[in-house]
Amino acid sequence: MLTTIAIESLKRRKNTALLTLVSIVISVSLLLSVDIIRSQVKGSFTRTVSGVDVIVGAPSGQLNLLLSSVFNLTTPSKGISWDSVSSLNSDPRVSWLIPLSLGDTHSGYRVVGTTNAYFEHFKYGDNQPLVFAEGGPFAHVGSAVIGADVAESLGYRVDDSIVISHGLGNVSFRQHDGFPFSVTGVLEKTGTPVDKAVYVTLIGLEKAHEHAGPSGIVKPSQSIQRPSNLHAQAHAHTDGETAVHDKDDHDKISHEKAEPEEAGHKEKRYEGDNSPHAHEEDTERQRMGEIDVENNTVSSVSAVMLGLKNRVTALQLQYQLNQRNNEPVLAILPGMALAELWQIMGNVEALLLLLSSLIVMSALIGLATMLLATMRERYQEIAVLRTIGASTAALLILVQLEALLIALAGCGVSMLVVTGLLTALKPWLSAEFGLFLSDTLLSSNSLAIVILVLASTYIVSSFPAYAAYKRGLHAELNSQ
Numbered sequence: 005m006l007t008t009i010a011i012e013s014l015k016r017r018k019n020t021a022l023l024t025l026v027s028i029v030i031s032v033s034l035l036l037s038v039d040i041i042r043s044q045v046k047g048s049f050t051r052t053v054s055g056v057d058v059i060v061g062a063p064s065g066q067l068n069l070l071l072s073s074v075f076n077l078t079t080p081s082k083g084i085s086w087d088s089v090s091s092l093n094s095d096p097r098v099s100w101l102i103p104l105s106l107g108d109t110h111s112g113y114r115v116v117g118t119t120n121a122y123f124e125h126f127k128y129g130d131n132q133p134l135v136f137a138e139g140g141p142f143a144h145v146g147s148a149v150i151g152a153d154v155a156e157s158l159g160y161r162v163d164d165s166i167v168i169s170h171g172l173g174n175v176s177f178r179q180h181d182g183f184p185f186s187v188t189g190v191l192e193k194t195g196t197p198v199d200k201a202v203y204v205t206l207i208g209l210e211k212a213h214e215h216a217g218p219s220g221i222v223k224p225s226q227s228i229q230r231p232s233n234l235h236a237q238a239h240a241h242t243d244g245e246t247a248v249h250d251k252d253d254h255d256k257i258s259h260e261k262a263e264p265e266e267a268g269h270k271e272k273r274y275e276g277d278n279s280p281h282a283h284e285e286d287t288e289r290q291r292m293g294e295i296d297v298e299n300n301t302v303s304s305v306s307a308v309m310l311g312l313k314n315r316v317t318a319l320q321l322q323y324q325l326n327q328r329n330n331e332p333v334l335a336i337l338p339g340m341a342l343a344e345l346w347q348i349m350g351n352v353e354a355l356l357l358l359l360s361s362l363i364v365m366s367a368l369i370g371l372a373t374m375l376l377a378t379m380r381e382r383y384q385e386i387a388v389l390r391t392i393g394a395s396t397a398a399l400l401i402l403v404q405l406e407a408l409l410i411a412l413a414g415c416g417v418s419m420l421v422v423t424g425l426l427t428a429l430k431p432w433l434s435a436e437f438g439l440f441l442s443d444t445l446l447s448s449n450s451l452a453i454v455i456l457v458l459a460s461t462y463i464v465s466s467f468p469a470y471a472a473y474k475r476g477l478h479a480e481l482n483s484q
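What follows is the structure, encoded as structure tokens:
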């Protein structure tokens, strides 16, 4: 009964009640948004990489190395030589190695030069491996594997041909159109930066730089090429299950054809033949894991991910690498680098939460002010309630119930607004900030915030409720 009376009372004062509701919705939405984004950022960063023990790159600061090599967020450093990569691969403590070459884009998406070891050893989330939705890993030097968002956004399928661009901006000054790549695989969606990357072979990326087109301002959309027969031509002699003697025969033929093809290479370029097929015989096919590392002939890479046989040796290896004098490198532990990032962000998080909490409290104080301001108008209502037998305690509960109804409605609307808004902003947040939101945005923290808001409302509404209580006592004394 009291709930019905409280609702009818709010309807009679709908204008002031509605304004109060809007202020609560805005303030609670802000607080929920800050908390959700804070937790989603941590979750997104934490689940991006799993199982990588050490990351090695040029000395540029561990946060810069982490953000560029794992999250594709910052500008990569100058890189480390292939001799250093080879020495790391031969280290008995290293179980596997993933080289990364960064600095190019395709239609606004980052291009990562790597080997098939990436698709074999890279894990994300709860140690989940990368899975192909279509096609497979690198099959030849001109192979490219694309993330789920790249395929969805640009409409790419296996056998499509793509051209990468130099630099990380939205406008490229140099197209590597002399060496297009053929899509051999599309990865399943992971909810990590993997979805927004294009992966090409290390040797292919090196050759693309060697055969770069003329300088000129080119928009990313101009680097899109539709299906070519590049993959079909190369696939005939790049079967992943090819026997060892077939590989030897192919290498022999490649050696015999190398000189005449090199002699006619310049003529073909001037004639407008931009296909990389003429150069595939000059490069060694990419294989899985250590074979890629041992046989690559690239000059340098941006970073290297290491998986160790025993994680206990991670600190020892990190210390030894950071003390090198022949070629200075920086070795970082992803977990420690993330801890440093959270430490930097901790003060900002606390400040945002404090400001949001103060805004919520101001909205609740506004609610109490509204109830107090309308109390004089409710003297007649209180007198009628006392006449029909309502106790002073019932009057106190009635006012608090009105406040709780407004706060509860505000929290409910806030959760709907925040969930809808962040869901709509998912593509923009992932594209602009590399923030990948999960499907479940609300968590136990959100419920805790709602409970705290309701508890605060109960406390704040005690002041107007006490005023109603005193008015009820005064009416009772007058009636006597």
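FYI, in this note's numbering the residues of the sequence shown are 5 to 484.
Built from N, CA and C at the ideal position, the CB exists for glycine as well.
Looking at G311 and G55, is the spacing between their C-beta atoms short of 8 Å? Locating residue 55 in the sequence shown gives position 51, counting from the first residue. Locating residue 311 in the sequence shown gives position 307, counting from the first residue. Cβ atoms of G55 and G311: closer than 8 Å.
Round the Cβ separation of R315 and D57 to the nearest angstrom and send it over; I've been treating them as touching at under 8 Å. Position 311 of the sequence shown, counted from the first residue, corresponds to residue 315. Position 53 of the sequence shown, counted from the first residue, corresponds to residue 57. With a Cβ gap of about 6 Å, R315 and D57 count as contacting.
Suppose the cutoff is 6 Å on Cβ atoms and the five residues either side in sequence are ignored; what does the same chain contact list for V422 look like? In the sequence shown, residue 422 corresponds to position 418, counting from 1. Around V422: S33, L36 and S37.
If we call anything under 8 Å between Cβ atoms a contact, is V305 one with V202? One-based indexing of the sequence shown puts residue 305 at position 301. One-based indexing of the sequence shown puts residue 202 at position 198. Cβ distance not < 8 Å, so V305 and V202 don't count as in contact.
In chain order, what residues of the same chain lie with their CB nearer than 6 Å to the CB of G129, ignoring the 5 residues before and after it? Numbered from 1 along the sequence shown, position 125 holds the residue referred to as residue 129. Correct list, in chain order: R51.
Measure the CB-CB distance between K200 and S434 and report whether it falls below 8 Å. Against the sequence shown, residue 200 aligns to sequence position 196. Against the sequence shown, residue 434 aligns to sequence position 430. Contact: yes.
What are the residues that DSSP puts in a beta bridge with E3? Since the first and last residues shown for the chain are 5 and 484, residue 3 lies out of range.
Integer-rounded CB distance, given that S43 should sit under 8 Å from V364: Within the sequence shown, residue 364 is the residue found at index 360, counting from 1. Within the sequence shown, residue 43 is the residue found at index 39, counting from 1. Their Cβ separation, rounded to whole angstroms, is 18 Å, which puts V364 and S43 out of contact at 8 Å.
Can you tell me which residues form a DSSP beta bridge with Y113? On the sequence shown, position 109 is the one that residue 113 refers to. Bridge partners of Y113: H110.
Compare the beta carbon distance of L69 and S81 with 8 Å and say whether it is the shorter of the two. Residue numbering aside, residue 69 sits at position 65 when the sequence shown is read from its first letter. Residue numbering aside, residue 81 sits at position 77 when the sequence shown is read from its first letter. Yes, the Cβ-Cβ distance between L69 and S81 is below 8 Å.
Can the beta-carbon of L14 be found less than 8 Å from the beta-carbon of L402? On the sequence shown, residue 14 is found 10 positions in, with the first residue counted as 1. On the sequence shown, residue 402 is found 398 positions in, with the first residue counted as 1. Contact flag unset, no.
Look up S105 in the DSSP assignment and say whether it is helix, strand or coil. Your numbering for residue 105 matches position 101 in the sequence shown. Strand, per DSSP.
When the Cα of V417 is compared with those of V29, V457 and V145, which residue comes out closest? Working through the sequence shown from its first residue, we reach residue 417 at position 413. Considering only alpha carbons, the answer is V29.
If you draw a straight line from the C-alpha of S99 to the C-alpha of D163, how long is it? For the purposes of this step, residue 99 is taken as residue 95 along the sequence shown, with counting starting at 1. For the purposes of this step, residue 163 is taken as residue 159 along the sequence shown, with counting starting at 1. Here the alpha carbon of S99 sits roughly 33 Å from the alpha carbon of D163.
Three or more C-beta pairs below 8 Å linking the stretch 407-415 and the stretch 365-375: yes
T52, DSSP secondary structure in three states: For the purposes of this step, residue 52 is identified with residue 48 of the sequence shown, where counting begins at 1. Reduced to three states, the DSSP call for T52 is coil.
Determine the direct distance from the alpha carbon of S466 to that of L400, and round the result to whole angstroms. If you number the sequence shown from 1, residue 400 lands on position 396. If you number the sequence shown from 1, residue 466 lands on position 462. Roughly 8 Å separates the two Cα atoms.
Hey, could you find the ends of the alpha helix (DSSP H) I336 is sitting in? Counted from its first residue, the sequence shown places residue 336 at position 332. Here I336 belongs to no alpha helix (DSSP H); instead the beta strand (DSSP E) covers L334 to I336.
Answer yes or no: do V308 and P103 have a C-beta to C-beta separation smaller than 8 Å? Along the sequence shown, read from residue 1 onward, the residue named residue 308 stands at position 304. Along the sequence shown, read from residue 1 onward, the residue named residue 103 stands at position 99. Yes. Within cutoff.
Please name the residue, chosen from I348, L446 and E192, that lies closest to I150 on a Cα-to-Cα basis. Taking the sequence shown and counting its residues from 1, the one referred to as residue 150 is at position 146. Among I348, L446 and E192, the Cα nearest to that of I150 belongs to E192.
If you draw a straight line from the C-alpha of S165 to the C-alpha of H144, how long is it? As a working mapping, residue 165 is identified with position 161 in the sequence shown. As a working mapping, residue 144 is identified with position 140 in the sequence shown. Those two C-alpha atoms are separated by around 14 Å.
In its own chain, which residues sit with a C-beta less than 7 Å from the C-beta of L67, not counting the 5 before and 5 after it? Within the sequence shown, numbered from 1, the residue matching residue 67 stands at position 63. So the list reads A341, E344 and L345, once near-sequence residues are dropped.
How would you call P338, buried or exposed, if buried means at least 16 neighbouring beta carbons within 10 angstroms? The residue labelled residue 338 in the question sits at position 334 within the sequence shown. Answer is buried; the Cβ neighbour count reaches 16.
If we ignore side chains and look at the alpha-carbon of each, how far apart do I336 and I59 end up? To locate residue 336, count along the sequence shown from 1; it is residue 332. To locate residue 59, count along the sequence shown from 1; it is residue 55. Distance between the alpha carbons of I336 and I59: 5 Å.
For F185, the residue or residues it bridges with in DSSP: Counting from one through the sequence shown, the residue named residue 185 turns up at place 181. Beta-bridge pairing links F185 to I166.
Distance check for S366 and N326, CA to CA, integer angstroms please. For the purposes of this step, residue 326 is identified with residue 322 of the sequence shown, where counting begins at 1. For the purposes of this step, residue 366 is identified with residue 362 of the sequence shown, where counting begins at 1. Using only the alpha carbons, I get a separation of about 52 Å.
Sorted by chain position, which residues of the same chain lie with C-beta nearer than 7 Å to A62's C-beta, five sequence neighbours on each side aside? Here residue 62 corresponds to residue number 58 of the sequence shown, with the count starting at 1. Contacts found: S81, K82, G83, I84, V333 and L334.
For S450, which three-state DSSP category applies? Residue numbering aside, residue 450 sits at position 446 when the sequence shown is read from its first letter. S450 falls in the helix class under three-state DSSP.
Skipping 5 residues on each side, what residues in its chain have a beta carbon closer than 6 Å to that of D95? What you label residue 95 is simply residue 91 of the sequence shown in a count that begins at 1. Cβ within range, chain order: n/a, list empty.
Sort V45, L25 and V26 by Cα distance to E353 and report the nearest one. Taking the first residue of the sequence shown as position 1, residue 353 is located at position 349. Comparing Cα positions, the closest option is V45.
Check the DSSP bridge columns for K127 and list the partner residues they point to. What you label residue 127 is simply residue 123 of the sequence shown in a count that begins at 1. S54 and P133.
Short Cβ contact (8 Å threshold) for L209 with T119: One-based indexing of the sequence shown puts residue 209 at position 205. One-based indexing of the sequence shown puts residue 119 at position 115. Cβ distance not < 8 Å, so L209 and T119 don't count as in contact.
Below 8 Å between beta carbons: does that hold for A137 and V190? For the purposes of this step, residue 137 is taken as residue 133 along the sequence shown, with counting starting at 1. For the purposes of this step, residue 190 is taken as residue 186 along the sequence shown, with counting starting at 1. The answer is yes: Cβ separation under 8 Å.
Exposed unless 16 or more other CB atoms sit within 10 angstroms - verdict on L359: Here residue 359 corresponds to residue number 355 of the sequence shown, with the count starting at 1. It counts as exposed.
Whole angstroms are fine: how far does the CA of M349 sit from the CA of S448? Walking along the sequence shown from the start, residue 448 turns up at place 444. Walking along the sequence shown from the start, residue 349 turns up at place 345. Note on geometry: alpha-carbon atoms of S448 and M349 lie some 22 Å from one another.
Kindly indicate which three-state DSSP category L6 falls into: helix, strand or coil? Position 2 of the sequence shown, counted from the start, is the residue given in the question as residue 6. Collapsing the DSSP output to three states places L6 in a helix.
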